Amino acid sequence: VDKEAPEYFALGAHRFMVAFQIIYTFDLISLGYDVVMQDVDVVWLKDLRKYENFGDPEYVDVEMSFDNRFDHAGPGNSGFIKINSNCKTKIFMETMVDHIALVVIGRSDQIQWNIFLREYKFRLLRLNILPPEKFVGGWQWSEILERKPLTRLPPREQIWFVHASWTDEHLMKIPKLKLIRAWFFNKSCKYFNASYLPKQPTQIVLPHQIFKDPVDYQWQWSQRVKELRERP
């Protein structure tokens, strides 16, 4: 793993980290453990251990967040995956490990997850896509000034997690999360260290361009924007 983060998504050590993630998940599934795996830019707004509407493990094998796409890399987003351990998922994860070179070469695991989940041989494996009104993906709001959001965010009280996906590079994940008050790595955090933060500022949009109910998101925007843009 390089000391500095790569400039663009999926470069650097990303491919090796997601490959190891798949291998570790396979080990746990083989041992009989149900597994929740997620990206580091997924922020829980509620305790998912208390979420009662996951699919019945008797019928649902894999659950993923929605990525708003239906091509070779969709519909599931590999940033959050819940896998129940059973005979079907053990064979599925073994197949994922057998083809781990596809992740190393292709640099992204999401394509491999979706391709194998749609594979005819796994037609009896049940995939459940989590509702985007509760599990918010990066496609639902934009941190780029010139880019209009594709949809409106649901009310905050019904959101369980937000995923800062759909960014051009890692530096944009901070303002993307700050936009919706979901960035908590600050001085209030016990392990906060300012040197861990990227130093290059990025653009953000105005609150009225994003939020359906701006009253719920009234906070010190001018001050937050100033702090972000003046970060050394």
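Under the UniProt record's numbering, the letters of the sequence shown match residues 1 to 232, in that order. Beta carbons: idealized from backbone N, C-alpha and C, even for Gly. As the structure is a computational prediction, the values presented were derived from the model and not from experiment.
Item: Could you pull the DSSP bridge partners for residue 65 from this structure?; Value: 77
Item: Considering only residues of the same chain and omitting the five flanking positions on each side of residue 237, which have a CB-CB separation below 8 Å?; Value: Absent from the structure is residue 237, since the part of the chain shown begins at 1 and ends at 232.
Item: If we count the other Cβ atoms within 10 Å of its Cβ and call it buried at 16 or more, is residue 233 buried or exposed?; Value: Here the chain comprises residues numbered 1 to 232, so residue 233 is not present and cannot be evaluated.
Item: Assuming residue 65 contacts residue 135 (C-beta within less than 8 Å), just tell me the rounded distance between them.; Value: 5 Å
Item: Do the CB positions of residue 29 and residue 85 come within less than 8 Å of each other?; Value: yes
Item: Could you give the first and the last residue of the continuous alpha helix (DSSP H) run that contains residue 36?; Value: Residue 36 -> not in any alpha helix (DSSP H); beta strand (DSSP E) instead, spanning 35 to 38.
Item: Kindly indicate which three-state DSSP category residue 111 falls into: helix, strand or coil?; Value: helix
Item: Looking at the unbroken alpha helix (DSSP H) that takes in residue 26, where does it start and where does it end?; Value: 14 to 30
Item: So, does the segment 110 to 120 touch the segment 160 to 168, judging by three or more C-beta pairs under 8 Å?; Value: no
Item: Name the two residues that bound the continuous alpha helix (DSSP H) containing residue 97.; Value: 87 to 98
Item: What does the alpha-carbon distance come out to for the pair residue 79 and residue 63?; Value: 11 Å
Item: Spatial neighbours of residue 127 within its chain, please: C-beta separation below 6 Å, excluding the five flanking residues on both sides.; Value: 62, 117
Item: Could you give the distance in angstroms between the alpha-carbon of residue 59 and the alpha-carbon of residue 74?; Value: 22 Å
Item: Can you give the Cα-Cα distance for residue 42 and residue 173, rounded to whole angstroms?; Value: 10 Å
Item: Tell me which same chain residues have a C-beta within less than 7 Å of the C-beta of residue 180, skipping the five on either side of it?; Value: 141, 153, 162
Item: For residue 32, tell me which candidate among 89, 194, 40 has the shortest Cα-Cα distance.; Value: 89
Item: If you compare alpha carbons, which of 91, 133, 99, 132 is closest to residue 121?; Value: 91
Item: Span of the beta strand (DSSP E) holding residue 127?; Value: 127 to 129
Item: Does the distance from the C-beta atom of residue 110 to that of residue 68 stay below 8 Å?; Value: no
Item: Taking residue 39 and residue 83 to be in contact with their CB atoms under 8 Å, please state how far apart those CB atoms are, rounded to whole angstroms.; Value: Residue 39 to residue 83, Cβ: 15 Å. No contact.
Item: For residue 13 versus residue 104, is the C-beta distance shorter than 8 Å?; Value: no
Item: Thinking just about the alpha-carbon of each residue, which of 130, 37, 190, 124 is nearest to the one in residue 52?; Value: 130
Item: Among 185, 167, 157, which residue has its Cα nearest to the Cα of residue 137?; Value: 167
Item: Using CA atoms only, rank isn't needed, just tell me which of 72, 50, 184, 125 is closest to residue 87.; Value: 125
Item: So, with DSSP's three-state summary, where would you put residue 44?; Value: strand
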